[in-house]
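Below is one structure, written out as structure tokens, with a few remarks after it.
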Amino acid sequence: MTRKPQPEQNQAPVVQRIRIRYAKRGPMRFTSHRDFARAFERAIHRANVPIAYSQGFTPHPKVSYASAAPTGAASEAEYLEIGLREVVDPDGLARALDAALSPGLDVLAAVVAGPGALAERIDAAHWRVELPGVSVFEARQAVTAFLAAPEVAVQRLTKQGIRTFDARAAVARLDVVEVTPDVPSEVDGVPCAILDLVVRQVTPAVRPDDVLSGLRVVADLEPSVPPRATRLAQGALTARGEMVDPLDADRGVVVSGTPSP
6 MTRKPQPEQN
16 QAPVVQRIRI
26 RYAKRGPMRF
36 TSHRDFARAF
46 ERAIHRANVP
56 IAYSQGFTPH
66 PKVSYASAAP
76 TGAASEAEYL
86 EIGLREVVDP
96 DGLARALDAA
106 LSPGLDVLAA
116 VVAGPGALAE
126 RIDAAHWRVE
136 LPGVSVFEAR
146 QAVTAFLAAP
156 EVAVQRLTKQ
166 GIRTFDARAA
176 VARLDVVEVT
186 PDVPSEVDGV
196 PCAILDLVVR
206 QVTPAVRPDD
216 VLSGLRVVAD
226 LEPSVPPRAT
236 RLAQGALTAR
246 GEMVDPLDAD
256 RGVVVSGTPS
266 P
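Converting from the sequence shown to my numbering requires adding 5 to each position, the first position being numbered 1.
Set out below in structure tokens:
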């Protein structure tokens, strides 16, 4: 029997786009991207956000994500964009979404989107990587060997199998954080070096664990306790090594202005 075609659902058009920065903290760092997407869609409904939907037989909320952090990594700089069918105040939207999300998934900022794509403003990420069980001296030796190498081949298991790629070329900066009263060399009596890492966005993406694999390759550096990585920032990397927040170009866009394309 021939199935009768269903009429296409007509959805309200997008009249405003909002870009959001959010954080993954504490135990929420183990939330996968898929789990966060589901939690965010529930928060949209709880906060009564006038989200726009795609056309067709199975409409989806207009939400797009930019460079989500890997599962297990904390982050202070995750970004997404939503399309709305009504104009809203971005600050009020941020407060409502933050209240609707679980603690540890925290909305930090919301701005009206200006021209251009959000993803095009992100070409690097700044990470802080804690290495419990590794002394500052050991970390410095490994970092020196890594930076001196013209290429550091590492392997990662992907859906297509084992893939080998160069972890060195993507690293724009790799330092061991200096020990200060605010940055101790030990945590709970165990040595703990901290890496300051800036990685360019390349294909395939180079993640902190790939750089740690590279340190193991060049210097046999093997933390006795699983490392803890936190993404501090994402954005465009300037020639001076500064990171430009991708929302900076949108700040000041008026709420009642012309909707972005």
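Note that CB positions come from ideal geometry on N, CA and C, so glycine has one too.
Remember, predicted model here, so these are calculated numbers, not experimental data.
request  = Counting only the same chain and skipping the five closest in sequence on each side, list residues whose C-beta sits under 8 Å from that of Phe35.
outcome  = Around Phe35: Thr76 and Gly77.
request  = Return the first residue and the last residue of the beta strand (DSSP E) that Ala198 is part of.
outcome  = Segment Val195 to Arg205, the beta strand (DSSP E) holding Ala198.
query = Cβ atoms of Ala124 and Thr235: under 9 Å apart, would you say?
reply = Contact annotation: Thr235 and Ala124 have beta-carbon atoms that are not nearer than 9 Å.
Backbone CA spacing between Glu247 and Val203 [nearest angstrom] = Rounded to whole angstroms, the gap between the alpha carbons of Glu247 and Val203 is 10 Å.
query = Apart from the five residues on each side of it in sequence, which residues of its chain come closer than 6 Å, Cβ to Cβ, to Ala241?
reply = Here the set comprises Arg126, Asp128 and Val249.
query = Should the region 177 to 185 be regarded as contacting the region 195 to 210, the criterion being three or more beta carbon pairs within less than 8 Å?
reply = Yes: the two stretches touch, three or more of their Cβ pairs being nearer than 8 Å.
message = Measuring only the C-alpha atoms, how far is Ala17 from Pro55?
response = C-alpha separation (whole angstroms): 10 Å.
task = May I ask you to verify whether the region 113 to 120 touches the region 160 to 173, counting CB pairs closer than 8 Å and requiring at least 3?
result = Because the criterion of three Cβ pairs below 8 Å is not met, the region 113 to 120 and the region 160 to 173 do not touch.
ask   = Can at least three beta-carbon pairs, one atom from the region 212 to 229 and one from the region 136 to 156, be found at a separation below 8 Å?
value = Yes: the two stretches touch, three or more of their Cβ pairs being nearer than 8 Å.
key: Length of the line joining the Cα atoms of Ala104 and Glu83   = Rounded to the nearest angstrom, the two C-alpha atoms are 17 Å apart.
ask   = So, using beta-carbon positions, are Arg161 and Pro209 closer together than 9 Å?
value = The answer is yes: Cβ separation under 9 Å.
request  = Write down the C-beta distance between Met33 and Gly109 rounded to the nearest angstrom, noting that I regard them as a contact closer than 8 Å.
outcome  = Sure, about 3 Å apart at Cβ, within 8 Å.
query = When we look at the beta-carbon of Asp225 and count the other beta-carbons within 10 Å, is it buried (16 or more) or exposed?
reply = When all chains shown are included, Asp225 counts as exposed.
message = Considering only their Cβ atoms, is the gap separating Ala114 from Arg26 smaller than 9 Å?
response = The answer is yes: Cβ separation under 9 Å.
query = If we count the other Cβ atoms within 10 Å of its Cβ and call it buried at 16 or more, is Asp255 buried or exposed?
reply = By the 10 Å Cβ count, Asp255 comes out buried.
inquiry  = By the three-class DSSP mapping on this structure, what secondary structure does Arg22 have?
reply    = DSSP places Arg22 in strand when its eight states are reduced to three.
key: Straight-line gap, Val19 to Ser59 (C-alpha atoms, nearest Å)   = Taking the straight line joining both Cα atoms gives about 10 Å.
key: Simplified DSSP assignment, three categories, for Ser123   = The question names Ser, but residue 123 is Leu in the sequence shown. DSSP places Leu123 outside both helix and strand once states are collapsed to three, so it counts as coil.
task = Can you give me the start and stop residues for the alpha helix (DSSP H) that Ile49 sits inside?
result = That run of the alpha helix (DSSP H) goes His38 to Arg51.
request  = Just tell me which of Ile87, Arg173, Thr63 and Ala153 has its CA closest to the CA of Tyr70.
outcome  = Comparing Cα positions, the closest option is Ile87.
Other residues of its chain near Glu156: CB distance less than 6 Å, five sequence neighbours each side excluded = Around Glu156: Asp171 and Arg173.
key: Burial state of Gln11 (16 or more Cβ within 10 Å)   = The predicted model places Gln11 with a pLDDT of 44, which falls under 50 and marks its position as unreliable; any figure quoted below should be read in that light. Exposed, because fewer than 16 other Cβ atoms sit within 10 Å of the Cβ of Gln11.
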